[in-house]
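Heads up, the thing below is written out as structure tokens.
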Amino acid sequence: MNFGKTQQGDPLKLGMRNLYIVPTRFGLLWLAGIGLLQVVAIQLESNGPLLLSFLMLGLFLLTLHLTHFNLEGLEVRSGEPAAGFAGDTVAYPLRLRCRGRCEGLRLRLGPSEPDQARSLAPGEHLLTLPWIPPERGKVRPGTLRLLTTAPLGLFVCWSRWAPPVPQLVIPAPRRGPVGQAQTHAEPEEGARTSSRGETGGDLWQDLQPHRPEDGARRLAWRLLAQGRGAHAKRFAAPLAEAPLLTPAAGIPLERALEHLSAAILRLHGEGASYGLVLGPTTIPPGRGPGHRDRCLEALALAPRSL
Amino acid sequence: MIDRPPSSASRIRQRRPASAPESTSSKARLLQWLAEALLIVGLLGLQPTLMLSWVAIGLTLLAGLKLLEAKRLAERRLVGLLQLVCAGVLGGLQADLGPSLLQGLAVFLALAGLLALEAGQGPDWRLLLRRSLQVLMSALPVALALFVLMPRLAPFAPLSDLGQGGAQMGLSESLAPGNIASLAANEEAAARVSFEGDQPPEAADRYWRVLVHDRFDGESWQTSPTQPKTAPGTAPAPTGRGFSKAQQLWVAEASGLKAVPWDGSTLPLGRELRINGRGELLHSGRASQRRFYGLRPGQGMDGGWRRIPLRPTDLILPAGMNPQLEALGRSWREAAPAAARLALAETWFRSRPFRYNRSPGTLPARAPLDAFLFERQEGFCGHYASAFSALMRAAGVPARVVSGYQGGTWVQPLAGAGYLDLRQDNAHAWSEVWVEAEGWRRVDPSTWIAPGRGGGLRAAQGRGAAGWLERQWWALDLAWGRWWLGFDREGQEALLQRLLGERRNLVGALVLAAVSGGLGISVSVLGWLRRRPEGDPPRRELERALAALARRGVIPEAGETLGGFSARLEQSEPELGALLRAVAEPYQLWRYGKGARPAREAQLLSASLRRHRRELERALRRQPRRRPTP
């Protein structure tokens, strides 16, 4: 079932005013079954089918309430969503507080398929729902549909809610050309703490024992082949060579941002330092996960035209 | 803000839940298969000559096939519904205690399967079964209110008479004792009857008539095919079976005969019963299945069938078939009233050396009764009844042979009403002669020969534990029949009459009130059960304390421990914080302490926690309504 007013506000507390409930097709078939058993009972003057048909009618009337109970009193609020990439499946966190046991809850964000039914005990629950953001930026995940048919599938009870907390969506990484702005002379952050002062470039200058986080790119393969153990190359390059990435000229901005996204991930993976210039925003060269996240966030929030 | 490195995007993709919303729980599958198996077992007892049996078989097979191939939720739901309908149809065909239990279990399993389908993979077996029982029990008040109070309709079309099923053992429409060399001992059950107030008739009066053989061909006694009209004054009760009024409640095993045992003086209850002019009680139900029926007191009418005028066939005796017998009968014709000829016959039998013998050997094909009366002079009840009846016809007294059961074993079960147990061994034949001003009188010549044979009560002898168990089960079955089949349209009418009296127009309001009352109670109980905290008693006290705080907006922060929460609360609200600590600390010590946790300790702890929790609630009530989160 997918109609009804989409509720706003955070948190959303489900109750009489924002829950919808109608019989399912199975519920109508159930009523037909009751009718059939009534005919059998009357014709055979038999108590068995008569009691069973009344029992099924009782269940029908009862599950109207039980299905409603599943969602009634449920409090939903948005969690703090982590960043994700456009066009990829990302996880949107939700905090649910159930007043009582909540059976057969199905959640569905946007046009995705509803997930499997789950039963929640009374108390707080943190759930993550997958969805695919179509574009970058601070994106709200669309309409959340909370739906249940438990306990017998005779009724479907649902509510629609627009979670207000947006999720940061980074342009999807895509290989392609990126531009480079004029390099700066001032030393970058990481270099100041480095004993050598300058790191980066193509030629490695030193070796250190290989750590798993160094990755395969920095492994000294020749030494390893010679049986001298796993070592990681340390690169040192002139500071002036730390690139200041900028959207490539001549291609649409959105596409250029996707290229930048891929370039930042690549440079981060190589352990290189880099900076970013997006119109008026400039992020000086640096490295490390914090730096990378700052750059990606700038990409996500870049104005539509620079 | 970005707490997940973007390089983990690939990992997010992997963690995407397997998008299979339609895949259904394995518990549901198991439950549905169990229900299906029970239904198939139930099918075994059906009579294949019935059309409705085939409907039940078809529905059950359909449900089974659907279950085999169903993958989607909607299809599996359909299986559940089909199974419920099957159980209902089976219930209409077989209402005995055993099948009813089977059907009830199948209904429960089918419902549990539907519940498991909706609940997904989550809940465990105990939770699932408990929930199923809860839902079923909550629907019962409404169902029972409707069942008891909802006025019932009459059948749309009269029940079709589906004819006689396969031949069953027991009595036969033709009685030719001369052809039977020996009566085999037969302990098969024939019928059971319970009496109002546990008062069975005197042993000498325990004659349960079934068939009347009124045509004699010189060798065997037959039941004439043309049935005399229904006896006057023996019309069944106008509606329903009304077992509540029954003086005798019978269960007759399948016999292949339309005629069922009765005592000849009561009146039938229910439209399916009819007494014909010969004094046979005919049941329109399926003769190939067990039949339940009730008889009400005859109110001194003693069965109108006894006085139905004679028919010429009641005197026919083929001449020359048994010449000695005919000559003896003719010699008694001088005695004027029929009663006097009867006395002559009794004297004659008593003065001859007749012996009762269950294995007398066969009689010659020519003049068999002559051979019995004047040469062999030994035989069983069939011999005496047929020879005596033929003699009376020869003497000019209308006579006929009746076959049925005599005696029976009184069984007093551990619980419930006692009943008289009739076995095929109790089969008996006796005579009826027409006496002016009295009508048909029962005469049992066997009692002249072997007084111990007539009315002799067999002790409820063993056949071991199995026999004992069987008798207990039959007592339950009979009680079930009285209670379950007894509540029919007439029983309901009587109940409504008692409840409403003259204000029958209020029946709609009564049904509505009962249904909404039942529904209201069930919904509130289930709502309370749902909100009740889960876990052991100390845990429930803790949850209640936290819930009381949460109602005032005092909520632990994400990741905060219980100790941290009470410490934080203590800073802003010293009183509340201290009270929460008084609940939280003993609980944590008990929960996470080393060693076993005896039940007694849990009890003491929850009592003390309850005290503190109530104090906390009182303190909260004293606080003003506004409550910022500390």
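These protein sequence lines are chains U and D, in that order. Numbering follows the numbering used here, with no gaps: position 172 of the first sequence is 1571. Numbering follows the numbering used here, with no gaps: position 458 of the second sequence is 570. Idealized CB from N, CA, C, for every residue including glycine.
7 angstroms Cβ shell around residue i - same chain, five flanking residues per side excluded
i         : result
Val523/D  : Gly530, Tyr531, Asp533, Ala572, Arg583 and Ala587
Pro1540/U : Tyr1491, Leu1508, Gly1509, Trp1530, Pro1562 and Gln1566
Pro350/D  : Confidence at Pro350/D is low in this model, with a pLDDT of 46, below 50, so the placement of that residue should be treated as unreliable; the coordinate-derived value is given next. Cβ neighbours of Pro350/D beyond the five flanking positions: none.
Leu681/D  : Val666, Leu688, Gly689, Leu692 and Pro742
Ala228/D  : Ser137, Lys139, Ala140, Leu143 and Leu240
Gly225/D  : Ala140, Leu143, Gln144, Ala147 and Gly192
Ile253/D  : Here residue 253/D is Pro; the residue named in the question, Ile, does not match the sequence. Result list for Pro253/D: Gly630, Ile633 and Ser634, in chain order.
Trp560/D  : Glu458, Phe461 and Arg462
Glu727/D  : Leu691
Short Cβ contact (8 angstroms threshold) for residue i with residue j
i         : j         : result
Leu1413/U : Glu1471/U : yes
Val514/D  : Val324/D  : yes
Pro1679/U : Gln1579/U : no
Val1577/U : Leu1659/U : yes
Trp1560/U : Leu1411/U : yes
Gly200/D  : Val1439/U : yes
Pro424/D  : Thr378/D  : no
Phe484/D  : Ala499/D  : yes
Arg512/D  : Asp426/D  : yes
Ala1631/U : Arg1654/U : no
Ser306/D  : Arg594/D  : yes
Gly406/D  : Gln334/D  : no
Leu1705/U : Leu1652/U : yes
Leu429/D  : Ala502/D  : yes
Arg553/D  : Trp542/D  : no
Identity of the residues DSSP links to residue i by a beta bridge
i         : result
Thr1547/U : Leu1504/U and Cys1556/U
Tyr1673/U : Gly1685/U
His1667/U : In DSSP, His1667/U forms no bridge with anything.
Glu1523/U : Arg1496/U
Glu544/D  : Arg512/D and Arg554/D
Pro1608/U : His1630/U
Ala301/D  : Arg535/D
Leu1680/U : One point to set straight first is that residue 1680/U is Thr, not Leu, in the sequence displayed. In the DSSP output, where bridge partners are listed per residue, Thr1680/U has Leu1677/U.
Leu1643/U : Gly1674/U
Glu490/D  : Arg467/D
Trp524/D  : Looking at the sequence provided, one finds Gln at residue 524/D rather than Trp. Gln524/D pairs with nothing; no bridge assigned.
Neighbour flag for residue i against chain D, beta carbons, 8 angstroms
i         : result
Gln1515/U : yes
Ile1682/U : no
Asn1401/U : no
Ser1445/U : yes
Ser1452/U : yes
Phe1468/U : yes
Met1455/U : yes
Arg1464/U : Rather than Arg, the amino acid found at residue 1464/U in this sequence is His. His1464/U counts as touching chain D.
Ser1558/U : no
Trp1429/U : yes
Leu1644/U : no
Chain U within 8 angstroms of residue i, Cβ atoms only
i        : result
Ser558/D : no
Glu602/D : no
Val254/D : yes
Val765/D : With chain D covering only 113 through 742, there is no way to say anything about residue 765/D.
Leu162/D : no
Pro409/D : no
Ala222/D : no
Ala431/D : no
Arg189/D : yes
Gly204/D : yes
Pro267/D : yes
Arg725/D : no
Residues near residue i by beta carbon distance below 8 angstroms, same chain, minus five either side
i        : result
Leu256/D : Gly630
Gly204/D : Leu164
Proximal chain B residues relative to residue i, where beta-carbon distance stays under 7 angstroms
i        : result
Gly232/D : Here chain B cannot be found, since the structure's protein chains are U and D.
Sequence-distant residues of its chain with Cβ nearer than 6 angstroms to residue i (five each side left out)
i        : result
Val260/D : none
**OP:** Note down, one range per segment and in chain order, each alpha helix (DSSP H) of at least 4 residues found wholly within the stretch 1442-1501 of chain U.
**Re:** Segments of the alpha helix (DSSP H) lying fully in the stretch 1442-1501 of chain U: 1446-1470.
Subject >> Within the stretch 145-206 of chain D, ranges of the alpha helix (DSSP H) (whole runs, at least 4 residues) >> reply: If only complete runs of 4 or more residues are kept, the stretch 145-206 of chain D shows the alpha helix (DSSP H) at 163-181 and 185-205, in order along the chain.
**OP:** Please list the segments of the beta strand (DSSP E) lying wholly inside the stretch 399-443 of chain D, counting only runs of 3 or more residues, in order along the chain.
**Re:** Counting whole runs of 3 or more residues, the stretch 399-443 of chain D contains the beta strand (DSSP E) stretches 403-408.
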